[in-house]
Amino acid sequence: MEILRSKKEMQAWSEGVLAQGLTIGLVPTMGYFHQGHLSLMEKGRPLCNRLVVSIFVNPTQFGENEDLDAYPIDIERDIELAGKTGVDAVFLPTRDDMYAPGFQTYVELTDLPNHLCGKFRPIHFKGVATVVTKLFNIVKPQVAVFGQKDYQQLQVIRRLTRDLDWNIRIEAGEIFREPDGLAMSSRNTYLSEEERSSALSLSKALERARQAVAEGTRDVTTLEQDVIRFISSFAHTTVEYAEFCHPQTLENVSTVEGKTLLALAVRVGNTRLIDNTVIDPDN
Ligand code: AMP
341 MEILRSKKEM
351 QAWSEGVLAQ
361 GLTIGLVPTM
371 GYFHQGHLSL
381 MEKGRPLCNR
391 LVVSIFVNPT
401 QFGENEDLDA
411 YPIDIERDIE
421 LAGKTGVDAV
431 FLPTRDDMYA
441 PGFQTYVELT
451 DLPNHLCGKF
461 RPIHFKGVAT
471 VVTKLFNIVK
481 PQVAVFGQKD
491 YQQLQVIRRL
501 TRDLDWNIRI
511 EAGEIFREPD
521 GLAMSSRNTY
531 LSEEERSSAL
541 SLSKALERAR
551 QAVAEGTRDV
561 TTLEQDVIRF
571 ISSFAHTTVE
581 YAEFCHPQTL
591 ENVSTVEGKT
601 LLALAVRVGN
611 TRLIDNTVID
621 PDN
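Here the sequence shown stands for residues 341 to 623, numbered as in the numbering used here.
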């Protein structure tokens with residue numbers, strides 16, 4: 341497995357692969373791998389000839405009071421896990437290489453970031469769209485894999501790819517969960533033991549709402565109130581949002597008709613967790 345530590349090395353490697361008529365797959369990450377990350381690599385592996393994983397804690401997607409400086413890192417372990425998962429190259433650019441002095445060009449979407457996480461993290465999706473654009477330009481993939489765990493991010497990337505006319509197939513990986521239901525996240529490592537058990541309120545709330553819809557409840561105000569009340573009954577939780585939305589536009593809906601996204605963001609102690617599910621009332 342190749343370890344590429346600069347844009348220049350990465351570009352040269354990709355150009356070499358493409359010159360041989362082979363295809364490249366990319367799994368962008370911020371590292372500190374868990375099984376969710378590895379499942380995206382496994383999904384990407386058969387879809388391309390050469391699989392690249394990037395590890396870059398992207399400063400432009402973190403707000404001022406967010407956890408950029410605390411974000412967990414273990415590059416050696418990540419490299420080992422990527423190797424075992426059949427990755428061909430790990431791209432590890434530095435911040436200075438990605439954002440050289442004088443950097444001033446950003447990519448911004450007009451509508452999708454006005455919903456869900458974007459309302460609470462105003463610069464987040466501008467940072468995501470910018471770094472993904474740069475990664476696509478550097479790595480030159482024909483396929484890229486993103487997790488549905490970051491549902492809004494996935495929609496942003498699908499839209500970005502269409503809007504900028506890239507011929508890149510965007511594949512979505514399902515949310516990988518701990519045996520008790522907690523969605524895997526590098527940020528779960530911040531949780532104390534007590535917070536860890538309160539963090540279960542997210543996946544339990546999704547299941548509860550799914551059940552309520554299956555039993556015939558369609559009114560979103562009723563469903564949302566129940567979700568918020570349920571999560572708030574757990575210690576250390578503060579609900580940032582619990583919203584039912586159209587699964588592509590992310591516009592709020594007032595009744596559950598057809599496939600509907602239920603997306604949650606909850607603070608458990610100081611840790612911000614997200615989770616989501618798409619509920620189909622007809623199934
Ligand atoms: P991150 O390193 O948190 O930026 O995540 C990198 C990629 O892994 C993103 O596409 C995430 O959506 C995806 N991801 C994160 N957590 C999970 C999970 N539990 N299951 C599946 N994919 C995930």
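Note that beta-carbon positions come from the ideal geometry of N, C-alpha and C, so glycine has one too.
Closer than 7 angstroms: residue i CB and nearest the ligand AMP heavy atom
| i | result |
| --- | --- |
| ALA605 | no |
| ASP490 | yes |
| THR473 | no |
| GLN495 | no |
| HIS377 | yes |
| PHE486 | yes |
| ALA552 | no |
| SER526 | yes |
| ALA469 | no |
| PHE516 | yes |
| GLY513 | yes |
| LEU380 | yes |
CB contact flag (residue i, residue j, <8 angstroms)
| i | j | result |
| --- | --- | --- |
| GLY458 | GLN492 | yes |
| VAL357 | VAL393 | no |
| ILE395 | MET370 | yes |
| LEU449 | VAL496 | yes |
| PRO433 | SER346 | yes |
| LEU546 | ASP520 | no |
| ILE571 | VAL560 | no |
| TYR372 | ASP418 | yes |
| LEU601 | ASN623 | no |
For residue i, the nearest candidate out of the options (CA to CA)
| i | options | result |
| --- | --- | --- |
| PRO412 | GLU518, ILE568 and ARG527 | ARG527 |
| PHE431 | GLY365, ASP566, ALA512 and TYR446 | GLY365 |
| THR501 | GLN488, ASN477 and CYS388 | ASN477 |
| ALA484 | HIS455, ARG390 and GLY598 | ARG390 |
| TYR530 | ASP622, ARG612 and LEU378 | ARG612 |
| LEU590 | THR578, ARG550 and LEU452 | LEU452 |
| GLU404 | PRO462, GLN375, ALA440 and SER572 | PRO462 |
| VAL593 | PRO519, ARG558 and ASP503 | ARG558 |
| ILE619 | ILE571, LYS424 and ALA552 | ALA552 |
| GLU518 | ARG536, LEU504 and ILE510 | ARG536 |
Endpoints, alpha helix (DSSP H) assigned at residue i
| i | result |
| --- | --- |
| ILE497 | 491 to 503 |
| THR561 | 560 to 572 |
Supposed close pair residue i, residue j - CB separation, criterion 8 angstroms
| i | j | result |
| --- | --- | --- |
| CYS585 | ALA603 | 6 angstroms |
| GLN401 | VAL447 | Contact doesn't hold; Cβ gap of about 12 angstroms is too wide. |
| SER538 | ALA575 | 5 angstroms |
| GLY376 | PHE516 | 4 angstroms |
| LEU380 | GLY487 | 6 angstroms |
| GLY442 | ARG385 | With 8 angstroms as the limit, GLY442 and ARG385 do not qualify as a contact, their Cβ atoms being about 38 angstroms apart. |
Beta strand (DSSP E) segment containing residue i, residue limits
| i | result |
| --- | --- |
| ARG417 | No beta strand (DSSP E) holds ARG417; the alpha helix (DSSP H) holding it covers 415 to 424. |
| PHE486 | 483 to 487 |
| ARG461 | No beta strand (DSSP E) contains ARG461, which DSSP labels as neither H nor E. |
| GLU511 | 509 to 513 |
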